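Colleague: First, the structure itself, so that you have it in front of you.
In the working numbering, the protein residues as written are 125 to 285.
As structure tokens, then:
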């Protein structure tokens, strides 16, 4: 087996976070934020547990990184997330000054980077976030597919009882 690249290693760490989300019945989105080759923040979706619409993994990880660095500017930080960020999270990446976004699967329903909107491509902002998608895309997509399939199966079982 060949050695992992840096971006593969960090995406696998984000996938671990996504799996933690599944364990608590959250949509499996996981994030790590990296500075100088070290993970400084990690998070997974927590909307159901907290009943807060803004508790997407990206927002939680940004908050953790800002707290750790004691700064809202994350200029030298990269984010690795299993699913293409939504519009809210893409905007937060710009506002936090994230240097580069790496993501796994596209989000054909809510994607704010490439699928539906292209927020990060706008020249209207004073900060430009670079991005690259498709890292472990199949694994990330399969997490989502199996999560929602299991949810549908559970609903069918609940209805039949």
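Note that beta-carbon positions come from the ideal geometry of N, C-alpha and C, so glycine has one too.
Since this is a predicted model, take the numbers as computed values, not measurements.
1. Could you please give the first and the last residue of the uninterrupted alpha helix (DSSP H) stretch that includes residue 215?
2. Could you tell me whether the Cβ atoms of residue 262 and residue 226 are closer together than 7 Å?
3. Quick one: what's got a C-beta closer than 7 Å to residue 196's C-beta in the same chain, skipping five residues either side?
4. Between which residues of its own chain and residue 237 is the CB-CB distance below 8 Å, once the five residues before and five after are set aside?
5. Spell out the partners DSSP gives residue 154 in its beta bridges.
6. Do the CB positions of residue 204 and residue 153 come within less than 7 Å of each other?
7. In the DSSP assignment, what residue or residues form a beta bridge with residue 235?
8. Determine the closest residue to residue 185 out of 174, 217, 175, 268, with distance taken between C-alpha atoms.
9. By how many angstroms is the C-alpha of residue 265 removed from the C-alpha of residue 252?
10. Does the distance from the CB of residue 138 to the CB of residue 169 come in under 7 Å?
11. Who pairs with residue 198 in a beta bridge, going by DSSP?
12. Please report the distance separating the alpha-carbon of residue 276 from that of residue 172.
13. Check whether the Cβ atoms of residue 247 and residue 239 lie closer than 7 Å to each other.
14. Using the Cβ count rule (16 or more neighbours within 10 Å means buried), how would you classify residue 166?
15. So, with DSSP's three-state summary, where would you put residue 248?
16. Please look up how many angstroms separate the CB atoms of residue 260 and residue 135, rounded, as I've assumed it's under 8 Å.
Modeller: Taking the structure as given:
1. Mapped onto the chain shown, residue 215 falls at position 91. Note, residue 215: alpha helix (DSSP H), 211 to 219.
2. Locating residue 262 in the chain shown gives position 138, where the first residue counts as 1. Locating residue 226 in the chain shown gives position 102, where the first residue counts as 1. Not closer than 7 Å, so no.
3. Here residue 196 refers to the residue found at position 72 when the chain shown is read from its first residue. Excluding sequence neighbours, residue 196 sits near 190, 220.
4. Taking the chain shown and counting its residues from 1, the one referred to as residue 237 is at position 113. These residues qualify, in order along the chain: 208, 209, 214, 225, 227, 243, 244, 255, 257.
5. Position 30 of the chain shown holds residue 154. DSSP lists 168 as partners of residue 154.
6. Locating residue 204 in the chain shown gives position 80, counting from the first residue. Locating residue 153 in the chain shown gives position 29, counting from the first residue. Result no, Cβ atoms of residue 204 and residue 153 do not sit closer than 7 Å.
7. Indexing the chain shown from 1 puts residue 235 at position 111. Answer is 210, bridged to residue 235.
8. Working through the chain shown from its first residue, we reach residue 185 at position 61. For residue 185, the nearest C-alpha among the options comes from 217.
9. Your numbering for residue 252 matches position 128 in the chain shown. Your numbering for residue 265 matches position 141 in the chain shown. Distance between the alpha carbons of residue 252 and residue 265: 26 Å.
10. On the chain shown, position 14 is the one that residue 138 refers to. On the chain shown, position 45 is the one that residue 169 refers to. Not closer than 7 Å, so no.
11. By 1-based counting over the chain shown, the position of residue 198 is 74. Residue 198 pairs with nothing; no bridge assigned.
12. Within the chain shown, the letter at position 152 stands for residue 276. Within the chain shown, the letter at position 48 stands for residue 172. Distance between the alpha carbons of residue 276 and residue 172 is about 17 Å.
13. Position 123 of the chain shown holds residue 247. Position 115 of the chain shown holds residue 239. No, these two residues do not count as a Cβ contact at 7 Å.
14. As a working mapping, residue 166 is identified with position 42 in the chain shown. Buried is the call here.
15. Counting from one through the chain shown, the residue named residue 248 turns up at place 124. Of the three classes helix, strand and coil, the one that applies to residue 248 here is coil, per DSSP.
16. Counting from one through the chain shown, the residue named residue 260 turns up at place 136. Counting from one through the chain shown, the residue named residue 135 turns up at place 11. About 5 Å separates the two Cβ atoms, so the contact holds.
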